[in-house]
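For the sequence shown, my numbering assigns the number 2 to the initial residue and increments by one for each residue that follows.
We treat Cβ as the ideally placed atom computed from N, Cα and C, and that holds for glycine.
Accompanying notes for the structure given below.
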Amino acid sequence: MTEQQQQPMIHATVVEFVENHLSRIYRRQVTDLSDTVWCPEWWRHGEAVMRLEALWRAWEHYRLDARTGMSVWFLEHADPHMSKLFDPRGPFKYCSVRNGHKDMISPLPTKSPQHGMFDDPTVGHFRTESA
Numbered sequence: 002m003t004e005q006q007q008q009p010m011i012h013a014t015v016v017e018f019v020e021n022h023l024s025r026i027y028r029r030q031v032t033d034l035s036d037t038v039w040c041p042e043w044w045r046h047g048e049a050v051m052r053l054e055a056l057w058r059a060w061e062h063y064r065l066d067a068r069t070g071m072s073v074w075f076l077e078h079a080d081p082h083m084s085k086l087f088d089p090r091g092p093f094k095y096c097s098v099r100n101g102h103k104d105m106i107s108p109l110p111t112k113s114p115q116h117g118m119f120d121d122p123t124v125g126h127f128r129t130e131s132a
């Protein structure tokens with residue numbers, strides 16, 4: 002068992018990580034007068050949940066590297082994910098701290114591919130319609 006596997010996690014859940022850690026280190030003006038958006042009910046946004054879960058797990062991993070772990074976490078994980086979440090065109094576009102959560106963004110439209118196109122998961126490519 003590696004040293005990392007033996008270390009207990011600091012935060013038990015992504016909620017605990019966001020409420021007790023991330024929200025305290027990423028302090029931003031998120032009023033209607035700023036160009037930075039945030040939804041107080043971030044957990045209602047699938048993209049936000051996935052990004053924040055990834056940030057939490059990466060933080061738990063990189064915190065164990067006393068040399069450059071936090072720098073790597075910020076530069077390669079936190080800053081790119083938080084930039085996407087804070088973006089006024091991102092998943093919190095219609096939400097605000099003052100007015101709360103607004104579920105006004107629809108899922109991306111999709112159309113199912115031709116049957117059998119992705120059947121073999123061991124193949125590194127898929128069959129196109131012309132194949």
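Here's the rule I'm using: 16 or more other beta-carbon atoms within 10 Å means buried, otherwise exposed. How should P108 be labelled? Exposed: under 16 other Cβ atoms inside 10 Å.
Strand pairing of G101, partner residues [DSSP]: Beta-bridge pairing links G101 to S97.
Please state the DSSP three-state secondary structure of M118. DSSP places M118 in coil when its eight states are reduced to three.
Top-ranked residue by Cα proximity to V38, from L86, F119, H116 and D104: Of the candidates L86, F119, H116 and D104, L86 places its Cα closest to the Cα of V38.
Chain-order list of residues whose beta-carbon lies under 6 Å from that of Q7 (same chain, five-residue window excluded): If we look at Q7 and ignore the five residues flanking it on each side, it has no Cβ neighbours.
Short Cβ contact (7 Å threshold) for R99 with D33: In terms of Cβ geometry, R99 and D33 form a close pair [threshold 7 Å].
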